[in-house]
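Colleague: These protein sequence lines map, in sequence, to chains A and B.
So that you can map any letter, position 130 of the first sequence is 135 in this note's numbering, and since no number is skipped, the others follow by simple counting.
So that you can map any letter, position 91 of the second sequence is 96 in this note's numbering, and since no number is skipped, the others follow by simple counting.
Where a beta carbon is used, it is the ideal one built from N, C-alpha and C, also for glycine.
Keep in mind that this is a model prediction, so the values were computed, not measured.
There are 2 protein chains.
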Amino acid sequence: MRILVTNDDGILSEGIYTLAKTLKTIADEVVVVAPDSEQSATGHSITLNQPLRVKKVKFFETDIEAYAVNGTPVDCVKLAVEAILKDRRPDLVISGINNGPNLGTDVIYSGTVSAAVEAAIMEIPSIAMSMATSHIESYNGAADFACRIAKKIFQLHKRNETIINVNYPTIPEKKVKGVKVTTLGIRKYENSFDERKDPRGNSYYWVSGTVRDIEQSEESDVAAILNNYISITPIHFDLTHFETYKELKALDIEK
Amino acid sequence: MRILVTNDDGILSEGIYTLAKTLKTIADEVVVVAPDSEQSATGHSITLNQPLRVKKVKFFETDIEAYAVNGTPVDCVKLAVEAILKDRRPDLVISGINNGPNLGTDVIYSGTVSAAVEAAIMEIPSIAMSMATSHIESYNGAADFACRIAKKIFQLHKRNETIINVNYPTIPEKKVKGVKVTTLGIRKYENSFDERKDPRGNSYYWVSGTVRDIEQSEESDVAAILNNYISITPIHFDLTHFETYKELKALDIEK
């Protein structure tokens with residue numbers, strides 16, 4: 006099994022280090038292609054206006070083949086599959102382990118999840134791995150779980166277009182209650198902007214905000230994490246709203 | 006009706022000019038909040054690492070209230086709704102008119118569509134408008150159609166979370182055959198990277214690629230445009246793959 010590993014926290018982050026090193030114990034080949042700097046909240050962004058550079062780098066103390074790219078997580082997956090690994094197509098792409106949650110509505114902003122979505126668009130099974138909070142003592146439990154899911158992936162992936170989105174609780178391992186297959190919950194924010202004045206008296210805004218407390222379905226990823234479960238959500242990239250599609254077809258919309 | 010208009014081609018582009026000006030003929034209030042530079046293919050990216058600036062600007066020769074933002078289309082919608090128009094919540098958000106198609110799989114990369122998706126996350130009905138190719142003689146037909154859809158929106162939008170994604174044929178108006186309600190088709194690319202050497206002999210890559218000729222469902226947006234119809238696709242932002250969700254729940258996945 007050849008696994009491509011990427012992330013959005015950047016190639017120097019602990020999450021990708023622990024993930025790649027742990028996957029190396031179960032895979033024939035692990036290749037890291039990740040952003041050279043943090044790319045959080047870049048969503049499914051790709052870089053059209055400047056050229057991409059690929060730099061082969063030493064990956065911590067390991068002998069894992071690794072490349073840093075001056076682009077987004079989606080750029081990394083595209084470049085890896087179509088250029089760097091052109092003759093060595095990965096069997097699986099794993100993105101993470103993200104230093105914070107990718108739950109509910111938020112997955113659409115996530116560089117971590119978008120990298121996995123890009124793999125699925127390219128018909129490669131993929132997993133996005135995130136820690137459920139950013140107060141992280143160790144990535145080991147999540148990395149071990151990634152190995153277990155990776156080994157099972159071809160059973161889980163009836164369709165290559167499905168992505169497995171995992172959020173792993175940041176609590177002592179003993180307290181983790183088990184695994185829940187979930188749907189995406191709802192994450193909304195309040196006070197999303199922090200307005201400040203620069204030294205010249207001009208306004209500027211920081212994206213900010215706290216998560217609103219919204220009632221969640223029991224089936225949701227948000228509820229699973231609150232209840233100390235590992236959350237696994239199957240996601241896909243077909244944004245068609247089929248129910249509304251049927252309703253609109255019944256309406257007569259003229260030119 | 007108060008309409009917020011944004012885009013990803015930037016506030017100086019012809020598409021947003023024609024759209025806003027035309028909407029002004031049917032709406033009580035039109036406010037433009039758009040990126041100060043081109044933001045194509047930024048997907049659902051938001052700006053976390055630098056502050057956002059808002060500049061009130063003169064919008065061509067019109068008296069339309071307009072603001073330029075140094076961020077992505079999604080930043081613009083968030084800032085507009087939560088700061089600039091905090092006490093004047095828009096009834097509708099229209100994004101475009103994009104200088105090129107947003108069809109099928111590609112909608113996930115699209116700044117134009119992502120702005121509309123952000124509005125839906127904020128529970129504001131929204132429309133994304135795009136021209137089906139970038140060889141555009143006039144945006145007028147698409148802008149007129151946007152008015153018709155805008156007036157109908159509360160009938161079309163049974164749920165605020167649904168986004169209407171419109172692609173408008175770039176052919177003479179007389180040849181436009183009508184309107185089709187569609188599903189998202191498939192867009193995949195080949196030769197996605199163009200590798201070059203800089204003057205120092207080092208490689209760099211441009212994102213490139215041509216659309217692969219893939220068989221499409223007759224119901225798809227891609228097919229509708231090929232057949233000279235205006236395409237309307239209802240889309241949403243719940244990426245849960247419910248079918249796989251049910252299948253995975255039936256499997257026993259241990260911790």
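1. Let's see if you can read the secondary structure: which residues bound the beta strand (DSSP E) around SER135 (chain B)?
2. In whole angstroms, what is the alpha-carbon distance linking ALA125 (chain A) and GLU43 (chain B)?
3. What is the residue span of the alpha helix (DSSP H) that LEU253 (chain A) lies within?
4. Could you spell out the range, first to last residue, of the beta strand (DSSP E) harbouring GLU70 (chain A)?
5. Just to check my reading of the structure: TYR173 (chain A) and ALA137 (chain A) have Cβ atoms closer than 8 Å, yes? What is that Cβ distance to the nearest angstrom?
6. Thinking ILE191 (chain A) and GLY109 (chain A) are a contact (beta carbons under 8 Å), I'd like their distance in whole angstroms, please.
7. Near ILE176 (chain A), what residues of its chain come up, given a Cβ to Cβ distance below 8 Å and the 5 sequence neighbours on each side ignored?
8. If I follow the unbroken beta strand (DSSP E) through VAL212 (chain B), where does it start and stop?
9. Under a three-way DSSP split, which group does LYS202 (chain A) fall into?
10. When we look at the beta-carbon of ASN54 (chain A) and count the other beta-carbons within 10 Å, is it buried (16 or more) or exposed?
11. Can you have a look at ILE219 (chain B) and say buried or exposed, based on whether 16 or more other CB atoms are within 10 angstroms of its CB?
12. Once you ignore the five residues that flank ILE158 (chain A) on each side, which residues in its own chain have a CB closer than 8 Å to its CB?
13. Within 10 Å of its beta-carbon, does GLU273 (chain B) have 16 or more other beta-carbons around it, so buried, or fewer, so exposed?
14. Along the region 205-219 of chain B, what residues have a CB closer than 9 Å to any CB found in chain A?
15. By Cβ distance, which residues of its chain are closer than 6 Å to ALA121 (chain B), with the 5 residues on each side in sequence left out?
16. What's the C-alpha gap between ILE235 (chain A) and SER143 (chain B)?
17. Using 8 Å as the threshold, is the region 60-67 of chain B in touch with the region 236-254 of chain A, meaning 3 or more CB pairs across them?
18. Leaving aside the five residues before and after GLU70 (chain A) along the sequence, list all residues of the same chain whose C-beta is less than 6 Å from its C-beta, in chain order.
19. Just the chain B side, please: which residues come within less than 7 Å of THR52 (chain A) by C-beta, in chain order?
20. Any beta-carbon of chain A closer than 8 Å to the one on VAL112 (chain B)?
21. Let me check one thing: in DSSP terms, what residues is VAL37 (chain A) bridge-paired to?
22. Apart from the five residues on each side of it in sequence, which residues of its chain come closer than 7 Å, Cβ to Cβ, to GLU19 (chain A)?
23. Give the secondary structure of VAL171 (chain B) by DSSP, where H, G and I count as helix, E and B as strand, and everything else as coil.
24. Counting only the same chain and skipping the five closest in sequence on each side, list residues whose C-beta sits under 7 Å from that of SER50 (chain A).
25. Are there 16 or more other CB atoms within 10 angstroms of the CB of HIS246 (chain B), so buried, or fewer, so exposed?
26. Could you tell me which chain A residues have their CB closer than 7 Å to the CB of LYS240 (chain B), listed as they occur along the chain?
27. By the 8 Å beta-carbon criterion, what residues does the region 27-56 of chain B contribute toward chain A?
28. Rounded to the nearest angstrom, what separates ASN12 (chain B) and LYS251 (chain B) at their Cα positions?
29. When DSSP labels each residue in this structure, what does GLY20 (chain A) get in the three-state scheme?
30. Could you name the residues of the same chain whose beta carbon sits closer than 6 Å to that of PHE65 (chain A), not counting the 5 residues immediately before and after it, in chain order?
31. Using a Cβ-Cβ cutoff of less than 8 Å, which residues in the same chain neighbour ASP41 (chain B) once the five nearest sequence positions on both sides are dropped?
32. Thinking C-alpha only, which one of A:VAL181, A:MET127 and A:GLU166 is nearest GLY146 (chain A)?
33. Who are the neighbours of PHE159 (chain B) on chain A, taking C-beta pairs under 9 Å?
34. Candidates A:PRO106, A:VAL10 and A:ASP199: which alpha carbon is nearest LEU189 (chain A)'s?
35. In the DSSP assignment, what residue or residues form a beta bridge with GLY101 (chain A)?
Modeller: The relevant details are as follows:
1. 131-136
2. 28 Å
3. 247-255
4. 70-74
5. 6 Å
6. 5 Å
7. ASN233
8. 208-212
9. strand
10. exposed
11. exposed
12. LEU97, PRO130, ILE132 and ILE169
13. Chain B is shown from 6 up to 260; residue 273 (chain B) falls before or after that span and cannot be answered.
14. ASN207, SER208, TYR209, TYR210, TRP211, VAL212 and GLY214
15. SER100, SER131, ALA133 and ILE168
16. 53 Å
17. no
18. VAL36
19. VAL212
20. yes
21. A:VAL10 and A:ALA71
22. TYR144
23. strand
24. THR77 and VAL79
25. buried
26. The identity of residue 240 (chain B) in the sequence shown is Ile, whereas the question assumes Lys. Simply LEU244, THR245 and HIS246.
27. GLU43, SER45, ALA46, THR47, GLY48, HIS49, SER50, ILE51, THR52, LEU53, ASN54 and PRO56
28. 38 Å
29. helix
30. TYR22
31. GLY15, ILE16, LYS60, ALA73, VAL74 and ASN75
32. A:VAL181
33. Within 9 Å Cβ-Cβ: nothing; PHE159 (chain B) doesn't reach chain A, min ~13 Å.
34. A:PRO106
35. DSSP, once it has assigned bridges, lists no residue as partnering GLY101 (chain A).
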